[in-house]
Structures are given as C-alpha cells and as structure tokens.
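K.L.:
Right, I'll just put the structure down here and ask away after.
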Amino acid sequence: MIFIFIIFLSLFIQPHDTATLECPKGWIEGPFLKTCYKYIAYPLTWFQAEFNCISYGGHLASVSNGFLNAFLLGAAEEADSGSYYWIGGTGVYLPSNNFTWSDASPFSYQAWGPSQPGPDQFITQQTPGGQWYTFPYTTPLAYICEILQGSGGCQTIPPTIASQTTEAAEAEPTSSFP
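Take the sequence shown: its letters are residues -18 to -1, 1 to 160, numbered as in mature numbering (1 follows the signal peptide of the UniProt record, and there is no 0).
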C-alpha cells in the first residue's frame, strides 16, 4: 500500500530546479557565499566605480576575511599590473578611523598597510601584498565589483527620452471644446 502511495505522489510532485547558479560571462566565481567578481581596469573615481558596480547589480567588493583578501589580490594581479584598485570600504560620514562597506556588510576584517588608515576616507587594495590604503575619492583607479551569483551582471542602461520632432513641436494644439 505504501508503495502505491509513493508512486501516486511521484506523479504529481515535480522535482525542483537544482541548476546551480553561475557567474555571468567575464566574471569569476568567488571562494564562497555564491559571489562573483569582476576586475575592471578602466580607472574611475570611487563613487563612479561604486555606481558602475551598482549598475551591474552589485557593489564594490567587500572583504570579510584574509582568504577573500588574498583571492581578490590574485584576481587583480592576474588581470592587471596596476598597483592600486578600489574596494568597497569607506569612512565617509563616520567618526575618524571608522569604516564600513558600501554593501553594508560588517567591517570585521582589516588589512591596513603601514601608517594606515590615512586621513582619506576611501579604501584601496595594493598589488602586490594586498594591503589597504586610503586614497582621496577623486583618484581614478581600477576597481573590483562584487555581485551575487544569478543576479545578472548586466549593466542597466537608463532609458533615453525621445526628443520631439520639429513638426510635432510646432503643431497647433487641437481641442474638442467649442
């Protein structure tokens, strides 16, 4: 009787989708937490880089431990020979020497270089070594974006507004009123 019940249930219960999430083309899979990373060599200021990462559906990379710090360093060294790149740490609007990540994750790990943090409020990672340094946000640097697997990784492009043609702009308004 139990066997018949199991067969009956199997006819109506569909297996759930067990497909694994993957990183979009051009992104690399992170070491854990189903994250994807993209090193972008084109230099932008910290805010421009953060907004670009947001357009992909993520943020500048946040670093939660030494293993992830080393992973990001390896990705940067493999992609480019530049010496500094933006990560998501910022101390803007916080008391001196207090920092947070742009994705609001806990700032529990630190990898400061000598005499750091400095007076600036935005965090870079240095290659080689992986140590962190603060820079002015206006400094154009390469950067690393972080997204969750399956979140797309495609940039969202703002819609364009079609301009009126001269003919439509010069047309007399019509009215159904006498």
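Where a beta carbon is used, it is the ideal one built from N, C-alpha and C, also for glycine. All figures in this text were calculated on a predicted structure; none of them were measured in a lab.
In this structure, what does DSSP give as the bridge partners for L26?
P.N.:
DSSP lists L123 as partners of L26.
K.L.:
Which residue from Q92, Y115, D62 and S90 puts its Cα closest to that of P101?
P.N.:
The shortest Cα separation from P101 among Q92, Y115, D62 and S90 belongs to Y115.
K.L.:
If I follow the unbroken beta strand (DSSP E) through residue 168, where does it start and stop?
P.N.:
With the chain covering -18 to 160 only, the question about residue 168 has no answer from this structure.
K.L.:
Give me whichever residues DSSP pairs with C18 in a beta bridge.
P.N.:
DSSP output for C18 lists E11 and I129 as bridge partner(s).
K.L.:
Does N34 have its Cβ less than 7 Å from a Cβ in chain C?
P.N.:
The chain labelled as chain C is not found in the depicted structure, where only one protein chain is given.
K.L.:
Go ahead and pull the three-state DSSP assignment for L50.
P.N.:
Of the three classes helix, strand and coil, the one that applies to L50 here is helix, per DSSP.
K.L.:
Using three-state DSSP, classify G42 as helix, strand or coil.
P.N.:
In the sequence on display, residue 42 carries Leu and not Gly. Strand at L42.
K.L.:
Distance, Cα to Cα, E11 vs P122?
P.N.:
One C-alpha to the other measures close to 26 Å.
K.L.:
Would you report the Cα separation of I126 and S78, rounded to the nearest angstrom?
P.N.:
If you take the alpha carbons of I126 and S78, they lie about 25 Å apart.
K.L.:
Contact between the region 86 to 100 and the region 40 to 57: three or more CB pairs below 8 Å?
P.N.:
Yes, the region 86 to 100 is in contact with the region 40 to 57.
K.L.:
From this set, S63, K16 and Y91, which residue's C-alpha is nearest G70's C-alpha?
P.N.:
Here the closest residue by C-alpha is Y91.
K.L.:
Quick one: Cα of Y119 to Cα of G95, how far?
P.N.:
One C-alpha to the other measures close to 18 Å.
K.L.:
For the beta strand (DSSP E) containing W68, name the first residue and the last one.
P.N.:
That run of the beta strand (DSSP E) goes Y66 to T72.
K.L.:
Compare the beta carbon distance of W68 and W28 with 7 Å and say whether it is the shorter of the two.
P.N.:
The answer is yes: Cβ separation under 7 Å.
K.L.:
At what residues does the beta strand (DSSP E) containing F89 begin and finish?
P.N.:
Run containing F89: none; DSSP gives neither H nor E here.
K.L.:
Does F33 come out as helix, strand or coil in the three-state DSSP assignment?
P.N.:
Reduced to three states, the DSSP call for F33 is helix.
K.L.:
Compare the Cα-Cα distances from S63 to each of A124, A93 and G132 and report the closest residue.
P.N.:
Minimum Cα distance to S63 is reached at A124.
K.L.:
For G112 versus L55, is the C-beta distance shorter than 7 Å?
P.N.:
Against a cut-off of 7 Å, the Cβ pair of L55 and G112 comes out as a contact.
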